[in-house]
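Q: First, the structure itself, so that you have it in front of you.
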Amino acid sequence: MTELPARRLLLVHAHPDDESINNGATMARYAAEGAHVTLVTCTLGERGEVIPPELRHLTGAALGAHRRAELSAALRELGVQDGRLLGGAGRYGDSGMMGIPDNEDPACFWQADLDAAARSLAEVILEIRPQVAVAYDDNGGYGHPDHIQAHRVAMRAVELAAEDGHRVEKVYWNRVPRSVAEAAFVRLQDELPGLPFAKSATVADVPGVVDDERITTAIDGSAYAAAKAAAMRAHATQIDVAEPYFALSNELAQPLFTTEYYELVYGRGVPGETDLFAGIATAEAS
Ligand SMILES: [Zn+2]
Numbered sequence: 001m002t003e004l005p006a007r008r009l010l011l012v013h014a015h016p017d018d019e020s021i022n023n024g025a026t027m028a029r030y031a032a033e034g035a036h037v038t039l040v041t042c043t044l045g046e047r048g049e050v051i052p053p054e055l056r057h058l059t060g061a062a063l064g065a066h067r068r069a070e071l072s073a074a075l076r077e078l079g080v081q082d083g084r085l086l087g088g089a090g091r092y093g094d095s096g097m098m099g100i101p102d103n104e105d106p107a108c109f110w111q112a113d114l115d116a117a118a119r120s121l122a123e124v125i126l127e128i129r130p131q132v133a134v135a136y137d138d139n140g141g142y143g144h145p146d147h148i149q150a151h152r153v154a155m156r157a158v159e160l161a162a163e164d165g166h167r168v169e170k171v172y173w174n175r176v177p178r179s180v181a182e183a184a185f186v187r188l189q190d191e192l193p194g195l196p197f198a199k200s201a202t203v204a205d206v207p208g209v210v211d212d213e214r215i216t217t218a219i220d221g222s223a224y225a226a227a228k229a230a231a232m233r234a235h236a237t238q239i240d241v242a243e244p245y246f247a248l249s250n251e252l253a254q255p256l257f258t259t260e261y262y263e264l265v266y267g268r269g270v271p272g273e274t275d276l277f278a279g280i281a282t283a284e285a286s
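Read in UniProt numbering, the sequence shown has 20 at position 20, and its numbers run on one by one without any break.
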């Protein structure tokens, strides 16, 4: 096996598009700087709502296949070469929004055996040996069952991998500082008349918003704003982009952040850090 770069970053996401919205600038930046960036996506998002009318005939497996192609295109825009699907393509189905009958489908990710799914992810961790992992918080950022399950699987996989010989040194959750979200929505109100979206979302619609004190890490990805926007555009069934804003299928405008924020929840960081690998000795040699 060829030797991997010194710095290795793992991100775990629920559906195609979540990686670009949450971490697109971070992924593009670390890939450009020579780190090995691995994305594990847990489902193909077959129950997502489709925005373009001409693609609304896509449902179920056909939508999953289409979204898999969108994900590949997004990763090309981000310069990320290592994208994987948890357990292989189609292993775990999209569970749909919380509270619908689809949540009970035995094939859906929400019904997955936690340890079996985490074991699949732990195998990736043992292969890549990332120093840093990025996941959602315990509410999945906003309560979607697949996001909650992705959180559980990621945290359990880190434990399993540690038992089997690789300790991930730092684990982060995706965050947005409340002050940053609030300021962005103030700007959005001013600019809304010039945007192709009729209405604005609110701070409550943004996943992972927390009080500023909880933010440990800011990654300035402004140099990769174009790559992030292009990656989001690649998910055309899910996202309408009008930089520096975008909308999901609800057509509510929200800000597109190019500085991305994190809360360190496991491991030792550096105060005010601006690098996910800060304080990791083995990675600084690169
Ligand atoms: Zn999602």
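Note that the Cβ used here is the ideal one computed from N, Cα and C, for glycine as well. Fair warning: this is a prediction, and the values are worked out from it, not measured in the lab.
With distances taken Cα to Cα, identify the nearest neighbour of Asn112 among Val176, Arg76, Thr43, Ala73.
A: The question names Asn, yet the displayed sequence has Ala at residue 112. When only C-alpha atoms are compared, the closest one is Thr43.
Q: Identify whether Gln131 lies in helix, strand or coil by the three-state DSSP scheme.
A: Reduced to three states, the DSSP call for Gln131 is coil.
Q: Looking at ligand 1, does it come within less than 7 Å of Ala14, judged from the CB to the closest heavy atom?
A: It does: the Cβ of Ala14 is within 7 Å (strictly closer) of some heavy atom of ligand 1.
Q: DSSP on Gln254, reduced to helix/strand/coil?
A: In the structure shown, Gln254 sits in a strand (DSSP, three-state: E or B).
Q: If you check the beta carbons only, do His235 and Ala150 fall under 8 Å apart?
A: Contact flag unset, no.
Q: Only counting runs of 3 or more residues, tell me where the beta strand (DSSP E) segments fall wholly within the stretch 161-192, in order along the chain.
A: Qualifying beta strand (DSSP E) stretches, in chain order: 170-177.
Q: Helix, strand or coil for Arg7 per DSSP?
A: In this structure, Arg7 counts as coil in the three-state DSSP scheme.
Q: Would you say the beta carbon of His147 is closer than 7 Å to some non-hydrogen atom of ligand 1?
A: Yes, the Cβ of His147 comes within 7 Å of a heavy atom of ligand 1.
Q: Of the residues Val168, Glu159, Ala227, which one's Cα is nearest the Cα of Arg29?
A: Closest option to Arg29, Cα to Cα, is Ala227.
Q: What is the residue span of the alpha helix (DSSP H) that Thr274 lies within?
A: Looking at the DSSP string, Thr274 is not in any alpha helix (DSSP H), and its letter there is neither H nor E.
Q: Just to confirm the assignment, what range does the beta strand (DSSP E) spanning Leu85 have?
A: Run containing Leu85: 82-85, per the beta strand (DSSP E) assignment.
Q: For Phe197, which three-state DSSP category applies?
A: In the structure shown, Phe197 sits in coil (DSSP, three-state: anything other than H, G, I, E or B).
Q: Based on the DSSP output, what are the partners of Glu260 in its beta bridges?
A: Glu260 pairs with Ile219.
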